[in-house]
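Input: a single structure, listed below in structure tokens.
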Amino acid sequence: MSLPADLLDRFRALAGTGGHIDAGADSAAYETDFRHLYQGRAAAVLRPASVAAVQAIVALAASERVALVPHGGNTSYCGGATPDESGREIVLSLARLNAIRAVDPVGNTLTVDAGCVLAAAQVAAAGAGRLLALSLGSEGSCQIGGNLSTNAGGTSVLRYGMMREQVLGLEVVLPDGRLLDQLRGLRKDNTGYDVKQWFIGAEGTLGIITGACLKLHPLPRAPLTAMVAVPGLAAAVTLLGRVRDAFGDAVTAFEFMPELAVTLALRHVAGARLPLAAAAPGYVLVEIDAADDAAGHARLAAATGDLADVAIAASTEQAQAMWFLREHVPEGQSREGASLKHDVSLPVATLAEFVACAEPRLAALVPGARLIAYGHVGDGNLHFNLSPAPGADGQTLLAAGGAVRRLVHDLVRDFGGSFSAEHGIGRLKVDELERYEDPVALDLMRTLKAALDPHRIMNPGKVLR
Ligand code: 2HG
Ligand code: ZN
101 MSLPADLLDR FRALAGTGGH IDAGADSAAY ETDFRHLYQG RAAAVLRPAS VAAVQAIVAL
161 AASERVALVP HGGNTSYCGG ATPDESGREI VLSLARLNAI RAVDPVGNTL TVDAGCVLAA
221 AQVAAAGAGR LLALSLGSEG SCQIGGNLST NAGGTSVLRY GMMREQVLGL EVVLPDGRLL
281 DQLRGLRKDN TGYDVKQWFI GAEGTLGIIT GACLKLHPLP RAPLTAMVAV PGLAAAVTLL
341 GRVRDAFGDA VTAFEFMPEL AVTLALRHVA GARLPLAAAA PGYVLVEIDA ADDAAGHARL
401 AAATGDLADV AIAASTEQAQ AMWFLREHVP EGQSREGASL KHDVSLPVAT LAEFVACAEP
461 RLAALVPGAR LIAYGHVGDG NLHFNLSPAP GADGQTLLAA GGAVRRLVHD LVRDFGGSFS
521 AEHGIGRLKV DELERYEDPV ALDLMRTLKA ALDPHRIMNP GKVLR
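Shown next as structure tokens:
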């Protein structure tokens, strides 16, 4: 049963002209996540074009107890923006709220609507000679509101931190329709509890972010981008230490890919190519600020030592090609067939030991399955993914998904790590949060949820049950 027709009419009127999509063929894209883990059904999709319209919609939803599912670029790995199967939830897309509100190159801030696509925000910052320091494979479609709501990570966390660290001010529509207006670019503002933090990483369960004031940084100058062949993950971690000894905080990215990750990208993604002389058990993609000169190259050569196969990008195009390969690892794996994904973080020094412990246990549970543990090694974050054995039926692997997840996440807990490094909880990891989160922290989360959203209209079933 959907919502009563007259109620839907009232919502549509609030969304304004061109501001709604009725349930049906056109709403399909909003009813499934991009991994196709979930197939929901929406009562309607609303696309308001002003903050006032978002407020009015939320106020009506609160009085009529209608659940809202905030929706950005739909790139969640955890089903965070997908409605449930009831047909009674309204998807609220922020896509039409996509203005660049202001760029301030003196205060080094960028103020944007939540529906602004990340790449557009990056371009606006670059236009003012500044860097917006969030970089993701999905930056051409993900939106700032989603980046904030999931506290997105990506490939420059090592230097600049996650999305939370880019935020100076926020504007949020609360679950009763009021507006929290903290859209300031102040670097210092010690006025009691920092309430805007509650909404970052809350995945739309406490309110709807409509605008943000973000930090800008100087544009990187003469970045050195290089790919280094390594014998494995342990060698990559050793190299990380050496590169950081040599260059300190100028290391902006340090990504690891095992051979299979690269093989699948090369196999399935047109335009992907390996810039090195030969295949190797693993590869590191490293980026270092202000190091693309003779002295920087010499220091990198000293840091890489015996690792002979090193390619330094000689042009922006070559650097982009290295990033293209890295960013298409997920596509290579998904085109290979079914996959199981885990997004874990661990103390960096234990990464290789963790994988060595997990591998034989996984081999016993899912014989022949291929491990692709890759990603943001500089941040201690591995995408600990599995693909079926060559030629094997993906269904067998997927059927073992629950047992594999338990094995991996229990081991992560034993190593003092996190089962969700950067992708968030969404709907996918609600059970995991209950199982692994500190009970006191969980209690605080539930207390906050009950206080801010007593009618549970904001993205129900995500993060908390
Ligand atoms: C990445 O780092 C994304 O490319 C995708 O976070 C991770 O494949 C994945 O699970
Ligand atoms: Zn990632």
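End of the sequence shown = 565 in our numbering, gap-free, step of one. Just so you know, even glycine gets a beta-carbon here, dropped at the ideal spot from N, CA and C.
Item	Value
Exposure of Val203, with buried meaning 16 or more beta-carbon neighbours within 10 Å	buried
Cβ-Cβ distance between Pro381 and Pro318 below 8 Å	no
Cα-Cα separation between Arg110 and Leu374, rounded to whole angstroms	55 Å
Candidates Leu210, His171, Leu314 and Val410: closest to Val191 by CA position	His171
Spatial distance of Val508 from Tyr130 (CA atoms)	31 Å
Those runs of the alpha helix (DSSP H) which lie wholly inside the region 270 to 318 and span at least 4 residues	none
Helix, strand or coil at Met357 according to DSSP, with G and I counted as helix	strand
Strand pairing of Gly382, partner residues [DSSP]	Val330 and Pro358
Whole-number beta carbon distance between Asp393 and Ala469, since they are thought to touch under 8 Å	That belief does not hold up - the Cβ atoms of Ala469 and Asp393 are roughly 45 Å apart, past 8 Å.
Ser193 - partner residues in DSSP beta bridges	His171
Beta bridge counterpart(s) of Tyr474 as assigned by DSSP	His483
Residue range of the unbroken alpha helix (DSSP H) whose run includes Val504	Gly501 to Asp514
Separation of Gly237 from Glu427, as counted between CA atoms	5 Å
Proximity of Glu164 and Leu107 at Cβ, strictly below 8 Å	yes
Leu324, DSSP secondary structure in three states	strand
Segment limits, alpha helix (DSSP H) that includes Asp538	Counting along the chain, Asp538 falls outside any alpha helix (DSSP H), and DSSP gives it neither H nor E.
Start-end ranges of the alpha helix (DSSP H) lying completely within the region 422 to 481, minimum 4 residues	429 to 436 and 451 to 465
For Ala144, the residue or residues it bridges with in DSSP	Asp122 and Ile190
Glu522 beta carbon near ligand 3 (any heavy atom closer than 7 Å)	Within the structure as shown, ligand 3 is missing, the only ligands being ligand 1 and ligand 2.
First and last residue of the uninterrupted beta strand (DSSP E) at Leu258	No beta strand (DSSP E) holds Leu258; the alpha helix (DSSP H) holding it covers Val257 to Tyr260.
Residue range of the unbroken alpha helix (DSSP H) whose run includes Thr404	Ala394 to Thr404
Val477 and Ile525 closer than 8 Å at C-beta	no
Residue closest to Leu511, alpha-carbon to alpha-carbon, out of Gly494, Met558 and Leu451	Leu451
Own chain residues within Cβ distance below 8 Å of Arg546, not counting five before or after	Leu564
Coil, strand or helix - Arg135 by DSSP	coil
Whole-number beta carbon distance between Gln420 and Asn485, since they are thought to touch under 8 Å	Contact flag wrong, Cβ pair sits at about 24 Å.
Backbone CA spacing between Thr338 and Val166 [nearest angstrom]	53 Å
Simplified DSSP state of Arg230, which is helix, strand or coil	strand
Rounded straight-line distance, which links the Cα of Cys242 to that of Arg188	25 Å
Helix, strand or coil at Ala199 according to DSSP, with G and I counted as helix	coil
Proximity test, His483 beta-carbon vs ligand 1 heavy atom, cut-off 7 Å	yes
Anticipated Cβ contact below 8 Å, Ile557 with Ala162, distance rounded	6 Å
Ala161 - containing alpha helix (DSSP H), residue span	Val151 to Glu164
Gly173 beta carbon less than 8 Å from that of Thr250	no
N-terminal and C-terminal residue of the alpha helix (DSSP H) that Ile412 is part of	Counting along the chain, Ile412 falls outside any alpha helix (DSSP H), though it belongs to the beta strand (DSSP E) covering Val410 to Ile412.
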